[in-house]
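Notes for the one structure printed next.
In my numbering, the protein residues as written are 1033 to 1395.
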């Protein structure tokens, strides 16, 4: 009954290869379906029965049966798509990539699609497609800084070890100060803020009136994410010692306290060293020079800046400090800890591979 079908007989090698493609997880689903169709057809089943077994249309089964009979395993791949021949050769693509990576235009610091198109004789859209294919973005530039600390490796192991395996009967806090240098300023816009409307974002004037500055001392509990904060108008050893005294009062007695800090001079004065001698449960761990990314409280400062300070309008320092205290209290009602996942060895291996890509690196 029906149209006669060509016989489909598999060799042992073809059957093994088809079954391997079906079992392998990395096989594309379309190719795996075609292999199942051929294997089912080789058992002698009709196209309608095969379609029911594999969950495909009957005409799809007929198509791949005929293709396999004609071209065998090579016939299961996708045929070339219709369309005109390529107008850009591999050599032209390689030339665009090489010029992008190894040169700059005479009148600019980086290439644009228009400048590259003029230089190579290709269209702007072609240059854009080549850049997207190879992940090239000449218009972007990011910053970085490698630490020159002689004890960089030791300090990374020390700080990361505290994050991943904190000592028993001890609390680990990340401590830092957010001062006027870090944009904690009471700013009032020169004109009233225009509220957001449908299709129109909130608008503020670019200029402002500065009412004053303050400094926030903060200690982030690595385990719970809770923050102990203290606001001061100055940023000196005296204020830092007062903050340490506040930590001593609020942290339950009987627990050791490990503080992760940066290398700011205020943290290392003789007055602080004397205070630490009188409070032996406090232990300081310093991040490497130029490596503030190791201090988790910096991430919390970013939350504070983005959600409260950057777009805030404050006519006085008192108003700014009130909003900061309110924000900290709200944070502590549902604190969210930042989970450190990288080990010290993973960080150092990543850094080593990065240094190999930097020519003439002396680090």
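The C-beta atom is built at its ideal place from N, Cα and C for all residues, glycine as well. All figures in this text were calculated on a predicted structure; none of them were measured in a lab.
query, result
"DSSP three-state assignment for residue 1247, whether helix, strand or coil", "strand"
"Whole-angstrom distance between residue 1222 and residue 1275, CA atom to CA atom", "35 Å"
"Residue 1371, buried or exposed, once every other Cβ within 10 Å from all chains shown has been counted against 16", "exposed"
"Beta-carbon proximity list for residue 1327, same chain, < 7 Å, skipping 5 on both sides", "1206, 1208, 1292, 1294, 1319"
"Element boundaries [beta strand (DSSP E), containing residue 1203]", "1202–1210"
"Rounded Cβ spacing between residue 1258 and residue 1364 (contact assumed at less than 8 Å)", "5 Å"
"Pick from 1321, 1283, 1330 that is closest to residue 1311, judged by C-alpha positions", "1283"
"Residue 1142 versus residue 1263 - alpha carbon distance", "44 Å"
"Residue 1107 - DSSP class collapsed to helix/strand/coil", "helix"
"At least three beta-carbon pairs within less than 8 Å, the stretch 1323–1340 to the stretch 1239–1253", "yes"
"Residue from 1115, 1059, 1101 with nearest C-alpha to residue 1074", "1101"
"Within the stretch 1058–1085, ranges of the alpha helix (DSSP H) (whole runs, at least 4 residues)", "1061–1074"
"Local conformation of residue 1093 per DSSP, three classes", "helix"
"Check whether residue 1098 and residue 1085 have beta carbons under 8 Å apart", "no"
"Residue 1321 and residue 1180 closer than 8 Å at C-beta", "yes"
"Own chain residues within Cβ distance below 7 Å of residue 1080, not counting five before or after", "1090"
"Strand pairing of residue 1289, partner residues [DSSP]", "1203, 1314"
"Three-state secondary structure assigned by DSSP to residue 1262", "strand"
"Beta-carbon proximity check, residue 1227 vs residue 1234, cutoff 8 Å", "yes"
"Distance between residue 1174 and residue 1146 (C-alpha atoms, nearest Å)", "23 Å"
"Same chain, Cβ closer than 6 Å to residue 1051, five either side skipped, listed in chain order", "none"
"Integer-rounded CB distance, given that residue 1349 should sit under 8 Å from residue 1256", "Not quite, the Cβ-Cβ distance comes to about 30 Å (not below 8 Å), so this is no contact."
"DSSP state of residue 1169 mapped onto helix, strand, coil", "coil"
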